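Notes for the one structure printed next.
Protein chains in written order, with the working numbering: chain A, 1 to 343; chain B, 1001 to 1281; chain C, 2001 to 2581.
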């Protein structure tokens, strides 16, 4: 009960702490929308030779003739009520576009993160348990190399190796083969939807489609995760309380599992949060390489087409995801580390 | 001075990887500086009859879809990429070190507020921020630099702040106050020189990251525009040909990027090991 | 000695470091009988802890037993396998470590950790483990209600008692305690050591106590072995060893340890001239340190001879009026709501030495910083030579004319020197700021000041990491006296030093005070040191003064109960007659 209470307090605190950042993002997107791309009224006008009257009318409609603070307040109100404007390229409300595409991005990022964790944790642990061994050197080499390869290059090289040369990967465009039937839209996550309707062949095809981009993502974050696991476990293994645990005659697997690992994973948890948010950024690159229909490629297309409403929506959405991710990490941390709730 | 050089030589002998990385980084900087004079072909002259040639003795890295020599373009691009990364990192280092050490030394409410802001910013997807910044400011090289500098800034503020914070109450800082030094003098003469070596590590590591960021932006079509030779654009252009088997268009600029980042990262890691053996990871 | 519980013969332990192999233990032999209590005493780097870790095979990876034999109950365990050692550790030989806070797992409750210790050797159901852990908690006098507490919630002394509970959980035959009370307050130290030795006696266990404190060894162990540079140089029953030390090193060590009656001159004794450079025989020495052993530290004898007059400075005793040099009235300092110093008043005459004694949290360090004008008080006045220096904000005091008159020597000599300044620059910097002398004048002053503190000129070009602990302490003192202050605030100036180095530094400070007529505000946790160094003593507790008076009086007839408690807790090196009497 006390634990829940303290976690609740922490979550509250964190929410308050992220308010300035959120507000900063909102103001930033406001500036992005209203000030920088020139006069939006002229932009939204029917054509380059629209008359001054038409532009003035538009300005009134858009509220651009009001003072800036009032515009900001109206803007905040719009965001709060979920009005993010309409995309020029798709002609749809931005909120709907984003909702359609978000599952694709999340599916990709989460699979990439899961894959990275499954690989990074054992690698980091193996390296830390035998420092200086070939395993350790191998892991260190991998980590050093891993952070040097840009995602867009590793993605393209994976396509070349597995699609062009080996021919074992499907055509690297999109989440699903163009001629295959998509599952009914239940959650938006293809892997879950296919399972829900019991279409195993479809599931396998979707998984195959997902594999290369997810690996690309995983490679990108593998290095920091493995590196942190290794460093943190090594630091813990060298600490006084591990010596104590050994001095009372605990079995060495118990020393590692109960005493070392749990302590060592705390910093890794923090890194997972940071890694996930860099993945949100890297999404844009990977989605472009694999023509993945997620929010990243949507925002990028809009950006190139000077369609600013989707870009603004995208940045806001990322900010919201970021807050949620950090809250989750905080809650997990609060459960894993009793010191947090002591204070 | 002589003793310092000898010490550096001794340190480098004991760290072959770092030495190699330092040599690589140096070589890359020299190539970048000399690039207008040493490219074997004109990096922007197209020759369509000679398009998409695989690597050969004449064209070490092959030619692209317009028949331009990729190797020459790589060399020419080094100049631009390194310049972008160096200016961005230089800007954010200068601003970050000053803001960070000032906050770290002052402590108190302002410092805590800045610290929290920076933590939040660092956890934010910074690449998205950079994208939005370039979009807002306009597609120009200066804006890539500014965007990269801004997303690097939190790292330097945080780093300088943390480094000053652990030293703020050190005996020698108090001793300096007892010895008649005012606050400005303590920050400038005592604290900054003490944190500079560690900042150098950060600079080296960040250079790699900045190169990746700038290339990533260009890959997306933000910032530097074709036909300017730039590693990110070269990868983006080559991406169209990967499914038809012309691997060299992507691979060589990719390798160049990787090598550059690798050199700076290894150099940074090595410097950190030399400065503080306990931090070895 | 076939009946010995533990027998160590000709033990050699080496560490591989960046600078090559370093021998930490070189041919050590000792043994302990069942039920015996043995103290291993030595200064830092003597190899005493390494010996303990070698016995239990808990040496860190760089360390290795090169030669020798370790026998436990007649069985050779020198190269025992992991399984055999695991069976021995905790069940037959257990350990209690230094810094109890870090020696406990921070994210596991203390009850669970004690259960782990029990369960390591006994396959018991959970409820039985818990019951046993509760028994153990009771044995070390921790309320059962703290079973689910985490180490962070407990005081250092409590953590150490948890550590003891874990160590005795499986009734081992031998307990090795490695500096178990270093870093704890003296009253806490007494409580922990009393408890530890009582449990040892009740359970008929043997104890090896590893410590740097001769007094502690004498009080709690029947036998004492003195280690120097990796070997035992002398071993004898505690009383005999301190009454009639045989080995020259033991003589020096015994002399250097403050007792109830010793004076500063006693500490260095006749052995002063032959004191080794500090930290000789250090075990895990880094490469940069190696060269300094060849440089002799000037002995105090030659120091005393050197005439020293701070040039260009007003004569220290030539005050403008004859009132007290320093007066503090009702000083108050709070940190985040807690009162660090609450309503403290004191005065200090010219050339007088005032001692401030207290345990951690007593506010003595805060007081020294207030007087030094490094921090601002929340209330009260500070007068220096009649000037209200408390009225000048701490942040502006560096420009005040009194800045040069009040200087400070810090606790940790390493931490108090700028790592990027040479020793010369460290001493010269305050001179440059405060007196602004011409370059060659300044050079001369730095050299004079260094010489006065027993630093040979060739050490001045070195950086702090190239100096030993004692040398760094001297640089810190030279820096403070270079500007010819009238009041020197000493904040635990010897707390981080080995006892033989402490002796030399104390002697140096005492000479300086007498020769230059300096006034001292001497802050320390060590009552004995303060008694030797000071004319008057203030005893502080929780930010308040509990007793004040001449040193001898306080020692002879303490008025406050707390002072009596403090005095009783100090473990003294007492010669045999005193023990008998």
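Glycine included, each C-beta is placed from N, C-alpha and C at the ideal position. None of the values given here were measured: they were computed from a predicted structure.
Counting only residues of its own chain and dropping the five nearest sequence neighbours on each side, residue 2129 (chain C) has a CB closer than 7 Å to the CB of 2115, 2118 and 2119. In the displayed model, residue 2168 (chain C) falls within coil according to three-state DSSP, outside both helix and strand.
Take the alpha-carbon of residue 2489 (chain C) and the one of residue 1103 (chain B): they are about 29 Å apart.
Not one beta carbon of chain A lies nearer than 9 Å to the beta carbon of residue 2032 (chain C).
For residue 1082 (chain B), the nearest beta carbon of chain A is not closer than 9 Å to its own beta carbon. Relative to residue 1048 (chain B), the option among B:1069, B:1131, B:1110 and B:1201 whose CA is nearest is B:1069. Under the Cβ distance rule, residue 333 (chain A) does not count among the residues neighbouring chain C, no pair being separated by less than 9 Å. Counting only Cβ-Cβ distances below 9 Å, residue 251 (chain A) has contacts in chain C at 2086 and 2120, in chain order.
The beta carbon of residue 2500 (chain C) lies closer than 7 Å to those of 2043, 2252, 2253, 2256 and 2275 in the same chain, with the five residues before and after it left out. Residue 134 (chain A) sits in a helix when the DSSP states are folded into three classes. Between residue 216 (chain A) and the set A:153, A:269, A:66 and A:82, the nearest pair of CA atoms involves A:153. In this structure, the beta-carbon distance from residue 2184 (chain C) to residue 2160 (chain C) falls below 9 Å. Taking a Cβ-Cβ cut-off of 7 Å, the neighbours of residue 2407 (chain C) in chain B comprise 1178, given in sequence order.
As DSSP reads the structure, residue 2538 (chain C) sits in a beta bridge with C:2356 and C:2548. Here residue 2010 (chain C) carries a strand assignment [DSSP, helix/strand/coil]. By the 16-neighbour rule on beta-carbons within 10 angstroms, residue 1127 (chain B) is buried. In the three-state reduction of the DSSP assignment, residue 6 (chain A) falls in the helix class, which pools H, G and I.
The Cβ neighbour count for residue 335 (chain A), taken over all protein chains shown within 10 Å, is under 16; the residue is labelled exposed.
Taking a 10 Å sphere around the C-beta of residue 2398 (chain C), we find 16 or more other C-beta atoms and assign the residue as buried.
By the C-beta density criterion, residue 13 (chain A) is exposed, having fewer than 16 other C-beta atoms within 10 angstroms. When the alpha-carbon of residue 1202 (chain B) is set against those of B:1227, B:1233 and B:1160, the nearest one is in B:1160. For the pair residue 2380 (chain C) and residue 2344 (chain C), the Cα-to-Cα distance works out to about 9 Å. Of all C-beta pairs linking the segment 177 to 190 of chain A to the segment 82 to 91 of chain A, fewer than three are shorter than 8 Å, placing the two stretches out of contact. Using a Cβ-Cβ cut-off of 9 Å, residue 2094 (chain C) counts as an interface residue toward chain A, since at least one Cβ of chain A sits closer than that to its own. Separation of residue 1179 (chain B) and residue 2211 (chain C) (C-alpha to C-alpha, rounded to the nearest whole angstrom) is 37 Å. Put simply, the CB of residue 1016 (chain B) is far from chain C, with every gap to its CB atoms at 9 Å or more.
Contact check for residue 1124 (chain B) against residue 21 (chain A) passes: the beta carbons are separated by less than 9 Å. With its beta carbon at least 9 Å from every one in chain A, residue 2156 (chain C) lies outside the interface.
Contact of residue 338 (chain A) with chain C by beta-carbon distance below 9 Å involves 2106, 2107, 2108, 2109, 2150 and 2152. Under a criterion of Cβ atoms nearer than 8 Å, the residues of chain B adjacent to residue 278 (chain A) are, in order, 1125, 1126 and 1127. For residue 171 (chain A), there is no enclosing beta strand (DSSP E), since its DSSP letter is neither H nor E.
The beta carbon of residue 2485 (chain C) lies closer than 8 Å to those of 2404, 2405, 2406, 2407 and 2518 in the same chain, with the five residues before and after it left out. In terms of beta-carbon proximity, residue 2345 (chain C) stays away from the interface with chain B, with every pair separated by 9 Å or more. In the same chain as residue 271 (chain A), and ignoring 5 residues on each side of it, the C-beta atoms closer than 8 Å to its own belong to 224, 225 and 228, in chain order. Contacts between residue 2099 (chain C) and chain A, judged by CB atoms closer than 7 Å, involve 240 in chain order. Against chain A, a Cβ distance below 9 Å from residue 2116 (chain C) picks out 245, 248, 250, 254, 258 and 259.
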